[in-house]
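Quick note on the numbering used here: the sequence shown kicks off at 3 and runs consecutively.
Virtual Cβ for every residue (Gly too), placed ideally from N, Cα, C.
Notes to accompany the following structure.
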Amino acid sequence: MLENLAFLEPLQAYPYAYTVLQLAGLALVAWLANWLTRVILVRVVTRVVKATPMRWDDALMSPKVLARLANIVPALIIASGIAAITDLPAGLETVVRNVAWAFVVLTIALAISNVLDAVNELYVRGSSRANERPIKGYLQVVKLVVYVFAVVVIIATLIDRSPLLLLSGFGAMSAVVLLVFKDTILSLVASIQLANNDMLRVGDWIEMPALQADGDVIDMALNTVKVQNWDKTVTTIPTYRLISDSFKNWRGMQESGGRRIKRSLLIDQSSVRFLEPEERSRLRRIALIDKYLDDKRHELEAYNANLLAKGKDPVNTRRVTNIGTFRAYVNHYLRAHSGIHQDMTLLVRQLEPGPTGLPIELYCFTNSVAWAVYEDTQSDIFDHLIAMLPEFGLRLYQAPSGADVSALVTGRQSPMADAIDPGIGAKLDQSDGDDESATDEGDGAPRALRPPADTSDDLES
Numbered sequence: 003m004l005e006n007l008a009f010l011e012p013l014q015a016y017p018y019a020y021t022v023l024q025l026a027g028l029a030l031v032a033w034l035a036n037w038l039t040r041v042i043l044v045r046v047v048t049r050v051v052k053a054t055p056m057r058w059d060d061a062l063m064s065p066k067v068l069a070r071l072a073n074i075v076p077a078l079i080i081a082s083g084i085a086a087i088t089d090l091p092a093g094l095e096t097v098v099r100n101v102a103w104a105f106v107v108l109t110i111a112l113a114i115s116n117v118l119d120a121v122n123e124l125y126v127r128g129s130s131r132a133n134e135r136p137i138k139g140y141l142q143v144v145k146l147v148v149y150v151f152a153v154v155v156i157i158a159t160l161i162d163r164s165p166l167l168l169l170s171g172f173g174a175m176s177a178v179v180l181l182v183f184k185d186t187i188l189s190l191v192a193s194i195q196l197a198n199n200d201m202l203r204v205g206d207w208i209e210m211p212a213l214q215a216d217g218d219v220i221d222m223a224l225n226t227v228k229v230q231n232w233d234k235t236v237t238t239i240p241t242y243r244l245i246s247d248s249f250k251n252w253r254g255m256q257e258s259g260g261r262r263i264k265r266s267l268l269i270d271q272s273s274v275r276f277l278e279p280e281e282r283s284r285l286r287r288i289a290l291i292d293k294y295l296d297d298k299r300h301e302l303e304a305y306n307a308n309l310l311a312k313g314k315d316p317v318n319t320r321r322v323t324n325i326g327t328f329r330a331y332v333n334h335y336l337r338a339h340s341g342i343h344q345d346m347t348l349l350v351r352q353l354e355p356g357p358t359g360l361p362i363e364l365y366c367f368t369n370s371v372a373w374a375v376y377e378d379t380q381s382d383i384f385d386h387l388i389a390m391l392p393e394f395g396l397r398l399y400q401a402p403s404g405a406d407v408s409a410l411v412t413g414r415q416s417p418m419a420d421a422i423d424p425g426i427g428a429k430l431d432q433s434d435g436d437d438e439s440a441t442d443e444g445d446g447a448p449r450a451l452r453p454p455a456d457t458s459d460d461l462e463s
């Protein structure tokens, strides 16, 4: 090709200069071919693709893919034209040609990788099942196969040997290959199991304490799954760990439409007692338990009427308790609450008493699974119930603080004392008055706090 250029004949007297000039001419032709290919292939094809109403071709024929393919043309020109260079050492010619063909193989592999990325992008955009059945992991497996094949072909091309000859030597290296790609193989199997069993999707809220992951899944790849925690940090989990270890998926809660409330009120057991008749009459003004109190009264009257004469002592009869009435009120209150899911489990139960009081547990579900709405609903319910406890003569258990203990030791009134007995403040004030009346006219100190009188003179006399 280049030897037909007549104006270069005078330079043939200078072999090295002539060879360098031929190489420069070949490089210039390759550059021009690359430029023309980019102009025609990239710009023209891009405009045509964007003009079509279809969207799949926009991704497959993206500028990144076309630019990769445009790089093949100059490499082909160099690989084909290097043989026309005169006075070029045979070894150098072989090296340049092999490198050019290796570059072609690498460029094709990268272009295929870009096409696979475009396929995944099209799937995510166009399929409603993209989050349920992600294909990114499978496409990464295809990429891995393409890259392995490309590496084998590139190495075989550079050493000027057949790829089959190179592959025949991999049998002895299978153990090494399995060791190197152990995590990849495990992750591939895990990805297939996760997808087929629908165990995990993009957007799921998962909790995996072993790896400090608690948040939404934002990406599922072949080797890793990314979880954005609630503090906006990102935890990267090896895919195979999701099969070998256990994790909690909150998708069921989100799809059910209800979020569980499971919290207890710790009641001071010393405040549990029977209700007096006047207290029952007073509580009947609460509309939610008006019918309950009537039904309970009829039930107990019927039961107590069947007792023998000797069994009619009050200790043998059944009576209404304030804690039982409160449980009934909480149950009716939850069933009338607009924020509670009425089609799911709803119960108010008494748990085993303990040193911190008698637990009354609320077990129900809210109508909304949104975090903020759920917390607001739960807080409103417990705000109301805590405020209603005194109506039933009940108190919450609360461990005394340092200020409460100090107030009891010094005899001052404390908030904790008023919570235990509203009249204790008046009793303390009255006791202070009694102490003042018991003082002597001299120093004004209470007798109980004065030192004993000195009787040494009496003893001496």
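Take residue i and list the residues in its own chain whose beta-carbon comes closer than 8 Å to its own, dropping the five residues that flank it on each side.
| i | result |
| --- | --- |
| Asn116 | Ser64, Lys66, Val67 and Arg70 |
| Ile388 | Leu267 and Leu398 |
| Leu43 | Leu68, Leu71 and Ala72 |
| Asp382 | Gly341 |
Quick one: what's got a C-beta closer than 6 Å to residue i's C-beta in the same chain, skipping five residues either side?
| i | result |
| --- | --- |
| Ile325 | Val274 |
| Gly435 | Residue placement at Gly435 is flagged as unreliable, the pLDDT there being 48, under the threshold of 50; a coordinate-derived value is accordingly withheld. |
| Pro39 | The question names Pro, yet the displayed sequence has Thr at residue 39. Contacts found: Ala72 and Val75. |
| Ala428 | Note on Ala428: pLDDT 48, under 50, position unreliable in the model; the coordinate value appears next. Around Ala428: no qualifying Cβ. |
| Leu202 | Leu196 |
| Arg329 | Val350 |
| Pro165 | Val154, Val155 and Ala158 |
Report back the beta-carbon spacing between residue i and residue j to the nearest angstrom; my notes put them in contact at under 8 Å.
| i | j | result |
| --- | --- | --- |
| Gly139 | Met222 | 7 Å |
| Arg287 | Leu295 | About 10 Å; that fails the 8 Å criterion. |
| Glu95 | Ile84 | 6 Å |
| Tyr242 | Ser189 | 5 Å |
| Leu78 | Val50 | Incorrect: roughly 24 Å between the Cβ atoms, too far for contact. |
| Glu354 | Ser266 | With a Cβ gap of about 11 Å, Glu354 and Ser266 do not count as contacting. |
| Phe367 | Arg262 | 5 Å |
| Thr284 | Leu302 | The sequence given here has Arg at residue 284, not Thr. Incorrect: roughly 18 Å between the Cβ atoms, too far for contact. |
Starting from residue i, follow its DSSP beta bridges and name the residues at the other end.
| i | result |
| --- | --- |
| Gln214 | Answer is none; Gln214 lacks a bridge partner. |
| Tyr365 | Lys264 and Leu349 |
| Ile269 | Leu360 and Leu398 |
| Asn231 | Gly217 |
| Phe276 | Thr323 |
| Val236 | Gln230 |
How about residue i and residue j: are their beta carbons less than 7 Å apart?
| i | j | result |
| --- | --- | --- |
| Phe249 | Ile208 | yes |
| Leu349 | Tyr331 | no |
| Lys293 | Val322 | no |
| Leu268 | Thr379 | no |
| His343 | Gly254 | no |
| Thr159 | Asn100 | yes |
| Val179 | Leu168 | no |
| Val204 | Ala215 | no |
| His334 | Leu391 | no |
Residues in its own chain within less than 7 Å of residue i by CB, not counting five upstream and five downstream?
| i | result |
| --- | --- |
| Leu108 | Ala152 and Ile156 |
| Asn470 | Here the chain covers residues 3 to 463 and nothing more, so residue 470 does not appear. |
| Ser193 | Gly139, Leu224 and Thr241 |
| Thr226 | Thr238, Ile239, Pro240 and Thr241 |
| Leu118 | Leu141, Val144 and Lys145 |
| Ala111 | Val148, Tyr149 and Ala152 |
As a quick exercise: from the options, pick the residue whose alpha carbon is nearest that of residue i.
| i | options | result |
| --- | --- | --- |
| Asp200 | Ile137, Tyr399 and Thr237 | Ile137 |
| Asp206 | Leu181, Trp232 and Ile194 | Trp232 |
| Val2 | Pro165, Gly217 and Lys293 | Coverage of the chain is limited to positions 3 through 463, which leaves residue 2 absent and any answer about it impossible. |
| Leu224 | Pro279, Ser266, Gln214 and Leu244 | Leu244 |
| His339 | Thr327, Thr358, Ser370 and Leu181 | Ser370 |
| Pro361 | Trp103, Glu377, Phe384 and Gln271 | Gln271 |
| Arg351 | Gln344, Pro357, His343 and Leu336 | Leu336 |
| Leu213 | Pro240, Val204, Tyr376 and Ser164 | Pro240 |
| Val97 | Val126, Asp162, Ala120 and Glu377 | Asp162 |
| Lys145 | Phe394, Ile114 and Ser82 | Ile114 |
| Val147 | Val126, Ser164, Thr186 and Val317 | Thr186 |
| Phe394 | Asp119, Val204 and Thr327 | Thr327 |
| Trp252 | Val317, Asp406 and Ala372 | Ala372 |
| Asp345 | Ala405, Ser258, Ala307 and Asn308 | Ser258 |
Taking Cβ positions only, does residue i come closer than 7 Å to chain B?
| i | result |
| --- | --- |
| Ala77 | Although the question refers to chain B, the structure presented lacks it and comprises just one protein chain. |
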